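Note sheet for the following structure.
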Amino acid sequence: MKTPIQINSRFPQMGTTIFTVMSRMAAECGAVNLSQGFPDFQAEPALFDAVHRHMREGRNQYAPMAGMPELRQAIVDKVAALYGTRFDVESEVTVTAGATQAIFTAVAAFVRPGDEVIVFEPVYDSYVPAIETVGGTAVFAQLKYPDYAPDWAQVAQLISPKTRMIIINSPHNPTGSLLSADDLDQLAALLRGTDIVVLSDEVYEHILFDGEQHASLCGHPALAERSIVVSSFGKTYHITGWKIGYVVGPAALMAEFRKVHQFNVFTVHTPSQLGLADYMQDASRHLGLAAFYQEKRDFFRELMAATPFKLLPCRGTYFQLASYAGLSDLPDRDFAEWMTREVGVAVIPVSVFNADGRDDKVVRFCFAKKEETLLMGAERLRKAFVKNC
Ligand code: PMP
Ligand code: GLN
3 MKTPIQINSR FPQMGTTIFT VMSRMAAECG AVNLSQGFPD FQAEPALFDA
53 VHRHMREGRN QYAPMAGMPE LRQAIVDKVA ALYGTRFDVE SEVTVTAGAT
103 QAIFTAVAAF VRPGDEVIVF EPVYDSYVPA IETVGGTAVF AQLKYPDYAP
153 DWAQVAQLIS PKTRMIIINS PHNPTGSLLS ADDLDQLAAL LRGTDIVVLS
203 DEVYEHILFD GEQHASLCGH PALAERSIVV SSFGKTYHIT GWKIGYVVGP
253 AALMAEFRKV HQFNVFTVHT PSQLGLADYM QDASRHLGLA AFYQEKRDFF
303 RELMAATPFK LLPCRGTYFQ LASYAGLSDL PDRDFAEWMT REVGVAVIPV
353 SVFNADGRDD KVVRFCFAKK EETLLMGAER LRKAFVKNC
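With the working numbering, the residue at position 333 of the sequence shown is 335, and numbering never jumps.
Here is the structure:
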C-alpha cells in the first residue's frame, strides 16, 4: 500500500479568497453577483481588433522583460499628462501580469524576514498574504467606520526601526474613500529621513466621483522618489480577465522590483500589450471612465434608496458599502451568505478585510454592472426587505 505524502502546510491558516468564495456561491445559487469586482459588460471592439491585428502580424513571441516599449511609452505619456511626472521609459516603468502580481513582486523585492509593513484595514485581501509569504509582519493602521479616514497620528506611532514599507490604496477598496493631497503631505512628513518604501495601489485611479481629483503619488515629488505606484488595465478598460497592469517608480526602486519580476513572470502577453498601447492613444477612454461609472453609481444608489440598507459615501472605485445594522443581527459573513442563498444577491462582507475580524455590519456591492443586472439585484432586495412589496 502506498503511504500518502504528508504535507506540513506552510500556510495552515490560509483560507480561500472571499472573491472566489462568493462568486462560486453566487453561481451555485443563481444569485445576481454583486460580490467580486468585475464588469459584466464588454470592452470596446477596437481593443480586441488591435490585439488580433498584432497577433496576425506575428507579434507573438516574448516581450522584453520590462514590457513592450510601445506600451511603456504610452504609460509614461499618460502619467506625465495626468500627474506631471515623466518617468523614464527604459528604467522606470514595468508591465506586470495585473496589479496582484505587481503588489506581490514589490513586497518580495523589498521586505525581508522580520521586517514590518504598515497596511490600512479594511485591507485589500492580497496584501497581508504577500507580506507573510516573504517572512514580513503586517502592522495595522485603522480606517474607521463610517468615514474610513486615515489617522496619521496612529501611523506615526506604528512606525518603528523595523518598518520597511507602507502600503496605501486610493481610491480605496472596499470603502470607496480617497486620500487627499493633504493626506499625502502628512505621509511625506512622517517618512522624511527614513528608508521606508511606499507601495501605492492606484488601480482605481480613473474612477472618482463628483469632480474629485485623484491624488496620485506620481504627482507628489517627495513621495514619488520612494514609491512604487501600481495600476491595472483590468479596471480601466473593463478587462479584468486579461491580468495586465504596470508599475512606475524611480530607477533605483524599479531595478530591485525587476530582480524579482524577471523570475516570477519574466514577461507579459505580447499582443495584448501592443493592443493596449494602441488603445491608450485615445485619452478619452480613461478620462471618460469617471463619468461612465458615476452614472452607474448614481443609478445604483437611487435603486438602493428604496431599500432599508443605509448607504455609506462612495467617492471612488466601483464599490458601494451599505450598513445592514437595522436589518439583521447576523454577523456580516453569515448575512452575505444568507443574502446570496435566500435573497439571490451576492455581496462581500467587509469584516474579512479586518485582521481582527471587526464587524461593523457593512457589506460591499459592486456596481460595475449593466443596468438590467443592477435592476434585477435591487428588485430582489426590495422583495426581501420592503414590506407590502
Ligand atoms: N488592488 C486592488 C485594490 C484591487 O481592487 C484589485 C482587484 N480588483 C487588485 C489590486 C488586483 O488587480 P488585478 O486584477 O490587476 O490583479
Ligand atoms: N479586486 C476584486 C474585488 O475587490 C477581485 C479580484 C480578485 O478576485 N482577486 O472584488
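Glycine residues also receive a C-beta, built at the ideal position from the N, C-alpha and C atoms.
Computed from a prediction, not measured in an experiment: that's the story for all the values here.
- A distance of 8 angstroms or more separates the beta carbons of V352 and V34.
- Taking the Cβ atoms as the reference, F211 lies roughly 7 angstroms from A292, within the contact range of under 8 angstroms.
- DSSP places D203 inside the beta strand (DSSP E), whose first and last residues are 199-203.
- Counting every other CB atom within 10 Å of its CB across the protein chains shown gives W340 a total below 16, marking it as exposed.
- Pairwise C-beta distances place the stretch 317-332 out of contact with the stretch 4-14, as fewer than three of them are shorter than 8 angstroms.
- Apart from the 5 residues on each side of it in sequence, V365 sits with its Cβ closer than 7 angstroms to the Cβ of A324, Y326, D334, F337, A338, V349, I350, P351, V352 in its chain, given in chain order.
- Put simply, the backbone Cα of V200 is about 9 angstroms away from that of L219.
- Per DSSP, the beta bridge partners of S234 are G247.
- Secondary structure note for V109: its alpha helix (DSSP H) is the uninterrupted segment 100-112.
- Within the stretch 16-64, the alpha helix (DSSP H) runs of at least 4 residues that lie entirely inside it are, in chain order, 20-31, 47-58.
- Rounded to whole angstroms, the gap between the alpha carbons of Y248 and V205 is 10 angstroms.
- Per DSSP, reduced to three states, the secondary structure at R317 is coil, with no helix or strand assignment.
- The DSSP-derived three-state label of R360 is coil.
- C-alpha of R166 to C-alpha of P131: approximately 16 angstroms in a straight line.
- Note on K372: under 16 other CB atoms within 10 angstroms of its CB, so exposed under the neighbour-count rule.
- Of all alpha-carbon atoms in G137, I133, T98, the one lying nearest the alpha-carbon of P115 is that of G137.
- Within 7 angstroms of the C-beta of Q322 there is not a single heavy atom belonging to the ligand GLN.
- For the 8 angstroms CB-CB criterion, H222 and T107 do not form a contact.
- Taking 3 residues as the shortest admissible run, the stretch 158-194 contains the following complete beta strand (DSSP E) segments, listed from N- to C-terminal end: 165-171.
- Between V91 and Q103, the C-beta spacing is not below 8 angstroms.
- Listed as beta-bridge partners of Q322 by DSSP are F367.
- DSSP links V97 through a beta bridge to Y248.
- In this structure, the ligand PMP has a non-hydrogen atom nearer than 7 angstroms to the beta-carbon of V205.
- Three or more beta-carbon pairs separated by less than 8 angstroms link the stretch 181-195 to the stretch 154-164, which places the two stretches in contact.
- For F89, the shortest C-beta to heavy atom distance toward the ligand GLN is 7 angstroms or greater.
- Residue pairing for E297: DSSP places it in no beta bridge.
- C-alpha of P124 to C-alpha of D284: approximately 35 angstroms in a straight line.
- Contact between the stretch 268-277 and the stretch 48-66 is present: 3 or more CB-CB pairs across the two stretches fall below 8 angstroms.
- Separation of K146 and D280 (C-alpha to C-alpha, rounded to the nearest whole angstrom) is 42 angstroms.
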